[in-house]
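Going left to right, the sequence shown walks through residues 639 to 1091 as the numbering used here numbers them. Backbone N, C-alpha and C fix where the C-beta goes; we use that ideal spot for every residue, glycine too. Keep in mind the model is a prediction, meaning the values are calculated, not measured.
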Amino acid sequence: MSENTTTTAVKRVFVKTWGCQMNVYDSERMTGLLKPLGYAPTDVVDDADLVILNTCHIREKAAEKVYSELGRLKPLKEERGMQIAVAGCVAQAEGAEITARAPQVDIVFGPQSYHKLPEMIARAARDKGEVLETHFDVEEKFDALAAHREADGYTAFVTVQEGCDKFCTFCVVPYTRGAEVSRHVDMITAEVRQLAAQGVREITLLGQNVNAWQSPAPAGTSGDAWGLGQLCRHLARVDGIDRIRFTTSHPRDMDDELIAAFGEEEKLMPYLHLPVQAGSDRILKAMNRGHTAESYIRTIEIIRAARPDIAISGDMIVGFPGEDDAAFEDTMALVREINYASCFSFKYSRRPGTPGATMAKQVAEDVKNERLQRLQALLEDQKQAFNAAQVGRTLPVLFEKHGRQAGQLIGRSPYLQSVFAVGDPALLGQIVDVRIDGTMTNSLAGSLARDAA
Ligand code: SAH
Ligand code: SF4
Ligand code: F3S
């Protein structure tokens, strides 16, 4: 297939992506899907015959961005007449509103429909009207994705699970991505083998609740359903794959098998993104998280016992309805107790249709701002301390690309830190020992251990 797809590209597609890694993965797959139709990707929107905005609905700001982007595209469309498609979670949540507010849009489709893109493009061109596709059919999408996958570099995302049944009261994801669905282990293995054959050495398994992943055992074997721990061990045996990561996990689904894999499977990298959102049990309950601060702390203790050097990362929300000063101090206390290697933090954003939006005791914006600042200062200190603790150590780094300065290569440490070092470009795609010499704001500087020796 690849032979006749690369040569005859006559049209250009510009894709802009917001939101989580699953959107990044989906965008890559859309580009792949369009190649056989003669679409080559472009970074220049002015050259595009088709513009795809792959959108995120998680916070108000994220959702607004699509409308300002559409405003910018309007004159361009009038001039050049390209097709405009809005994909992703805003499309799923506000499909009808998009077509009403932005008539320049030709196609609106949700995250579960993009495998129908070729057909939608043809339909929009033929009918000269809007096409709206927001049905949930994740299994059909997963089937459609079984086809050829082209690797782009030495690392790759692989979706294994999509959707969420947890219904945290602040979150739109269960509405935009639908119920939890897992991909079958054999399909995942086939995709990973394809990637490995093209030189990929590190895979990141993706899911909105990736550790809720479950599949019947591989074809030809017997036994119980598999969980994520078994999947990681299984994929570790694919030739060429040296590093495995996964994201995002939920504290309720951290089972013993998965925790044990961190201790035993050396290809499973010592980095875990395990969001807790808040440190007050009262707020966690109002958020419908299904765990307490104590149970989260205990889970982390067990994980650290299995893999002492593991880097813990997370997500925090400040200013959820009902969060008073004492509840916020509980969040600060939990953060001090966990000591994160890195952690994202957000101001609560009221999302229409979620239970949180109509709760009493919404928190004032200036209070949210002040809390976020304090929390972020603490998290930044923790991150810098974690990075500083690597100085003097030698870490295996998978070099992925050239740095901005001549001769420089960039890669990732096992803990997902960016590491810069001067080295031969032949080292790209290799895992090399790097001595860490110093830290920068968001990365580490090192030198090849064999040069340093
Ligand atoms: N499935 C993942 C990620 C969900 S979205 C999980 O459960 O962890 C990523 C992060 O965005 C969440 O972890 C949460 O911290 C944040 N988030 C989600 N909804 C939000 C809202 N309404 N306001 C502010 N932050 C939000
Ligand atoms: Fe959203 Fe909660 Fe599901 Fe994560 S677990 S996607 S925060 S509802
Ligand atoms: Fe955003 Fe949808 Fe991902 S809302 S965070 S793009 S699942």
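For residue i versus residue j, is the C-beta distance shorter than 7 Å?
{"i": "residue 914", "j": "residue 845", "result": "no"}
{"i": "residue 750", "j": "residue 776", "result": "yes"}
{"i": "residue 958", "j": "residue 986", "result": "yes"}
{"i": "residue 737", "j": "residue 768", "result": "yes"}
{"i": "residue 1073", "j": "residue 1061", "result": "no"}
{"i": "residue 744", "j": "residue 730", "result": "no"}
{"i": "residue 806", "j": "residue 926", "result": "yes"}
{"i": "residue 869", "j": "residue 896", "result": "no"}
{"i": "residue 931", "j": "residue 873", "result": "no"}
{"i": "residue 905", "j": "residue 877", "result": "no"}
{"i": "residue 810", "j": "residue 888", "result": "no"}
{"i": "residue 852", "j": "residue 863", "result": "yes"}
{"i": "residue 883", "j": "residue 937", "result": "no"}
{"i": "residue 793", "j": "residue 840", "result": "yes"}
{"i": "residue 663", "j": "residue 795", "result": "yes"}
{"i": "residue 900", "j": "residue 857", "result": "no"}
{"i": "residue 1086", "j": "residue 1055", "result": "no"}
Please state whether DSSP places residue i in a helix, a strand or coil.
{"i": "residue 1079", "result": "coil"}
{"i": "residue 709", "result": "helix"}
{"i": "residue 911", "result": "strand"}
{"i": "residue 847", "result": "coil"}
{"i": "residue 1003", "result": "helix"}
{"i": "residue 975", "result": "helix"}
{"i": "residue 893", "result": "coil"}
{"i": "residue 751", "result": "coil"}
{"i": "residue 650", "result": "strand"}
{"i": "residue 925", "result": "coil"}
{"i": "residue 678", "result": "strand"}
{"i": "residue 994", "result": "helix"}
{"i": "residue 836", "result": "coil"}
{"i": "residue 1021", "result": "helix"}
{"i": "residue 639", "result": "Any reading at residue 639 needs caution, since the residue's pLDDT is 41, under 50, leaving its predicted position unreliable; the model's value is listed next. Residue 639: coil per DSSP, three-state reduction."}
{"i": "residue 644", "result": "Unreliable placement is indicated for residue 644, whose pLDDT of 48 sits below 50; the coordinate value is still reported in the next sentence. Three-state result, residue 644: helix."}
{"i": "residue 967", "result": "helix"}
{"i": "residue 868", "result": "helix"}
{"i": "residue 800", "result": "strand"}
Buried or exposed: which applies to residue i, given that a residue is buried once 16 or more other Cβ atoms fall within 10 Å of its Cβ?
{"i": "residue 940", "result": "exposed"}
{"i": "residue 763", "result": "exposed"}
{"i": "residue 728", "result": "buried"}
{"i": "residue 1027", "result": "exposed"}
{"i": "residue 757", "result": "exposed"}
{"i": "residue 668", "result": "buried"}
{"i": "residue 1080", "result": "exposed"}
{"i": "residue 891", "result": "buried"}
{"i": "residue 859", "result": "exposed"}
{"i": "residue 1044", "result": "exposed"}
{"i": "residue 786", "result": "exposed"}
{"i": "residue 1052", "result": "buried"}
{"i": "residue 875", "result": "exposed"}
{"i": "residue 964", "result": "exposed"}
{"i": "residue 639", "result": "In this predicted model, residue 639 has a pLDDT of only 41, less than 50, meaning its place in the structure is not dependable enough to derive any value."}
My guess is that residue i and residue j are in contact by the Cβ rule of under 8 Å, so how many angstroms apart are they, rounded?
{"i": "residue 726", "j": "residue 692", "result": "4 Å"}
{"i": "residue 908", "j": "residue 949", "result": "6 Å"}
{"i": "residue 686", "j": "residue 651", "result": "6 Å"}
{"i": "residue 675", "j": "residue 689", "result": "Incorrect: roughly 15 Å between the Cβ atoms, too far for contact."}
{"i": "residue 1038", "j": "residue 791", "result": "6 Å"}
{"i": "residue 1058", "j": "residue 1048", "result": "6 Å"}
{"i": "residue 782", "j": "residue 833", "result": "Not confirmed; about 18 Å, so no contact."}
{"i": "residue 584", "j": "residue 754", "result": "Outside the displayed span of the chain (639 to 1091) sits residue 584, for which this structure offers no information."}
Check whether the segment 968 to 987 touches the segment 838 to 857, counting contact only when three or more Cβ pairs, one atom from each stretch, lie closer than 8 Å.
-> The answer is no - the segment 838 to 857 does not touch the segment 968 to 987, with fewer than three Cβ pairs under 8 Å.
Indicate whether the contact test is met: 3 or more Cβ pairs, each with one atom in the segment 900 to 913 and one in the segment 947 to 958, closer than 8 Å.
-> Contact between the segment 900 to 913 and the segment 947 to 958 is present, because at least three Cβ pairs lie under 8 Å.
Meets three-Cβ-pair contact criterion under 8 Å: the segment 972 to 980 and the segment 1018 to 1029 = Touching, per the Cβ criterion.
Counting Cβ pairs closer than 8 Å, one from the segment 989 to 1006 and one from the segment 818 to 832, do we hit at least three?
-> Segments in contact, no.
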